[in-house]
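Participant: In full-length UniProt numbering, the protein residues as written are 1 to 440.
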Amino acid sequence: MPFTLSFYHFLELGAVGAVLALYFLYRSQRLLPPGPNPIPLIGRTRFPIEHLEAFKSWAEKYPDIMTLRIRGQNVIIVNSLCAANDILEKRATSTSIRPQRPMCHDLVGYKNSTSQTNDMVQHKIYHFWAVEERELRKATLYMLNVPGDSTKALRRAMSAIVFYVAYGYNIETDGDAFVNRITDYMKVYQRLLRPADFLVDILPPLKHLPEGFPGAGFKRTASKWRKSKEDIHNVPFEQVKCDMASGNAMPSFTQHLLEEMPEQKGTNKYTEECIKLAASSIYTGGNDNNTSSVQSMMAAILLFPQVQDKAQAELDRVIGRDRLPSVKDLDDLPYCGAIVQEILRWQPPTPFALPHALDRDEEFQGYILPKGATIMANVWAMTRNPTSYPSPEEFIPERHLSTDENGNFKLEPTRNASPSGLAVVRVLALTWLKPLFSPE
Numbered sequence: 001m002p003f004t005l006s007f008y009h010f011l012e013l014g015a016v017g018a019v020l021a022l023y024f025l026y027r028s029q030r031l032l033p034p035g036p037n038p039i040p041l042i043g044r045t046r047f048p049i050e051h052l053e054a055f056k057s058w059a060e061k062y063p064d065i066m067t068l069r070i071r072g073q074n075v076i077i078v079n080s081l082c083a084a085n086d087i088l089e090k091r092a093t094s095t096s097i098r099p100q101r102p103m104c105h106d107l108v109g110y111k112n113s114t115s116q117t118n119d120m121v122q123h124k125i126y127h128f129w130a131v132e133e134r135e136l137r138k139a140t141l142y143m144l145n146v147p148g149d150s151t152k153a154l155r156r157a158m159s160a161i162v163f164y165v166a167y168g169y170n171i172e173t174d175g176d177a178f179v180n181r182i183t184d185y186m187k188v189y190q191r192l193l194r195p196a197d198f199l200v201d202i203l204p205p206l207k208h209l210p211e212g213f214p215g216a217g218f219k220r221t222a223s224k225w226r227k228s229k230e231d232i233h234n235v236p237f238e239q240v241k242c243d244m245a246s247g248n249a250m251p252s253f254t255q256h257l258l259e260e261m262p263e264q265k266g267t268n269k270y271t272e273e274c275i276k277l278a279a280s281s282i283y284t285g286g287n288d289n290n291t292s293s294v295q296s297m298m299a300a301i302l303l304f305p306q307v308q309d310k311a312q313a314e315l316d317r318v319i320g321r322d323r324l325p326s327v328k329d330l331d332d333l334p335y336c337g338a339i340v341q342e343i344l345r346w347q348p349p350t351p352f353a354l355p356h357a358l359d360r361d362e363e364f365q366g367y368i369l370p371k372g373a374t375i376m377a378n379v380w381a382m383t384r385n386p387t388s389y390p391s392p393e394e395f396i397p398e399r400h401l402s403t404d405e406n407g408n409f410k411l412e413p414t415r416n417a418s419p420s421g422l423a424v425v426r427v428l429a430l431t432w433l434k435p436l437f438s439p440e
């Protein structure tokens, strides 16, 4: 009699398969770094980015690395500077890629910045110090003369700077429609960066579902977000091209690179898509961070008035009181520069660095960091580690200073901010220091 599989045989095989799958999943998790995962196998339902104090306490329990399981996805959190150096620097060949998230990259169409676009921004932004300085001064006057919500005025001022530098675009009113669209999109972008926030990121084949299919509402959401992204990349870029054609273009990062394109023909160094991505990174990467840093500067000077006294003494000695500071003065103002570095430590603009991903298995301290896992550096915990930064809640600019052979302050180098963003914050800090906080 030929052997046939009954329904019960299928159930038995399915049960055995499920048990084996759970066994191998459990075994693989035993090799991961430990972490606070309340639900077995699944871990957590979302990435709790807003609970910074929880991450700080977890970093005390898991001082180097820990694993968060987000809907079954592995997220390796790096909590110490030493571990970050070992994993993200020494093993950069394994950890330099970005996580590929179907919602963000395939459906919304967001492209990660490349080393080429980053180099374009770093090298070309220096052509616009004069533009930045002019806009900084205008922004300062705006801040000093507009009563009411200082946060709103500050955000408007920072937007004016980065938009003018990127596109030669003047923000004429507080409710500029284009700026509001970008502000809304940045909220979307921040959500897209969260690990496993969308089901399609956990089950990538779902991206092939048609938009009208039941349960595929994420496809309609992605289409809406994709249109918003394309608008904010294309509209100001095309406006610069039109202004160039009519001879009315203002000096800007985009205008400068478009003028250089014919010279680069055949080299593939600059393409329009590359220029769009580089220009958009100026405002997406710098606007909120700079706003946050200047707000932190205001809070620090109010809470620690002795810092203002020391900075003002340096300003009086180097610049005097008959003019405002400029970019050219920065190298001669090490204490003021140390204030900015301490701001970035005391209140980092982003609690986590941009995520990385492993393209192969790596071993660390006896644990296995599996291929495909997301890696996130917990900047908030690192900057509050009392071993690296004694009295971490205190605002102490001197921790970033050394002295030369003559006993003069010398500013230690930093890697916490881009040269452009750091200079903007430093000039704003210097310019606002006396008029905003002195009773005189």
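Glycine included, C-beta positions come from ideal geometry on N, C-alpha and C.
Looking only at C-alpha atoms, which of K328, P334, I343, R317 sits nearest to N289?
Facilitator: N289 has its Cα closest to that of I343, out of K328, P334, I343, R317.
Participant: Leaving out five residues on either side along the sequence, give the residues of the same chain with a beta carbon under 7 Å from the beta carbon of D201.
Facilitator: Around D201: R101, P102, M103.
Participant: Return the residue from the list Y389, P214, T95 that minimises the CA-CA distance to residue 488.
Facilitator: Nothing can be reported for residue 488: it is not among the residues displayed for the chain, which extend from 1 to 440.
Participant: For L154, which residues from the same chain have a beta carbon less than 8 Å from its beta carbon, with the 5 sequence-adjacent residues on both sides left out?
Facilitator: Cβ neighbours of L154 beyond the five flanking positions: M143, T291, V294, Q295.
Participant: Closest by CA to R71, which one among S391, R194, I275, P236?
Facilitator: The candidate whose alpha carbon is nearest that of R71 is R194.
Participant: Could you please give the first and the last residue of the uninterrupted alpha helix (DSSP H) stretch that includes R226?
Facilitator: That run of the alpha helix (DSSP H) goes 217 to 246.
Participant: Less than 7 Å between C-beta atoms, sequence neighbours within five positions excluded: which residues of the same chain meet that for I87?
Facilitator: Taken in chain order, the residues that qualify are V78, T95, F364, I375.
Participant: Do I76 and I65 have their CB atoms nearer than 7 Å?
Facilitator: Taking 7 Å as the Cβ cut-off, I76 and I65 qualify as a contacting pair.
Participant: Got a sec, what are the start and stop residues for the beta strand (DSSP E) Q365 sits in?
Facilitator: Neither: Q365 is in no beta strand (DSSP E) and is coded neither H nor E.
Participant: Just checking T67 against the ligand PLP - is the residue's beta carbon closer than 6 Å to any of the ligand's heavy atoms?
Facilitator: In terms of ligand content, the structure shown is empty, and the ligand PLP therefore cannot be addressed.
Participant: Beta-carbon separation of L107 and K207 under 7 Å?
Facilitator: Yes; because the gap between Cβ atoms is below 7 Å, this pair is in contact.
Participant: Which ranges does the beta strand (DSSP E) cover as unbroken runs of at least 3 residues, wholly within the region 40 to 71, from first to last along the chain?
Facilitator: Counting only runs of 3 or more, we get 65 to 70.
Participant: Please report the straight-line C-alpha distance between Y189 and L257, rounded to a whole angstrom.
Facilitator: When rounded, the distance between both Cα atoms is 26 Å.
Participant: Hey, would you say T67 sits closer than 7 Å to L32, going by beta carbons?
Facilitator: Yes, Cβ-Cβ distance for T67 and L32 is below 7 Å.
Participant: My understanding is that E314 touches Y335, with C-beta atoms under 8 Å, so please give their C-beta distance in whole angstroms.
Facilitator: About 5 Å separates the two Cβ atoms, so the contact holds.
Participant: In whole angstroms, what is the alpha-carbon distance linking M244 and T350?
Facilitator: So the two alpha carbons sit approximately 36 Å from each other.
Participant: Hey, how far is the Cα of P63 from the Cα of N170?
Facilitator: The alpha-carbon atoms of P63 and N170 are separated by roughly 47 Å.
Participant: Between A300 and F237, is the Cβ-Cβ spacing less than 7 Å?
Facilitator: Result no, Cβ atoms of A300 and F237 do not sit closer than 7 Å.
Participant: Got a sec? Which residues, its chain only, sit under 7 Å from M261 by beta carbon, not counting five neighbours each side?
Facilitator: Counting only Cβ-Cβ distances below 7 Å, and skipping sequence neighbours, we find Y270.
Participant: Using 7 Å as the threshold, is the C-beta distance between V318 and D332 below it?
Facilitator: Taking 7 Å as the Cβ cut-off, V318 and D332 qualify as a contacting pair.
Participant: Please report how far the alpha carbon of K310 lies from the alpha carbon of D361, in whole angstroms.
Facilitator: The alpha-carbon atoms of K310 and D361 are separated by roughly 50 Å.
Participant: Is the beta carbon of A338 closer than 7 Å to that of L401?
Facilitator: Cβ distance < 7 Å, so L401 and A338 count as in contact.
Participant: How should S280 be labelled, buried or exposed, when 16 other C-beta atoms within 10 angstroms of its C-beta is the threshold for buried?
Facilitator: So S280 counts as buried.
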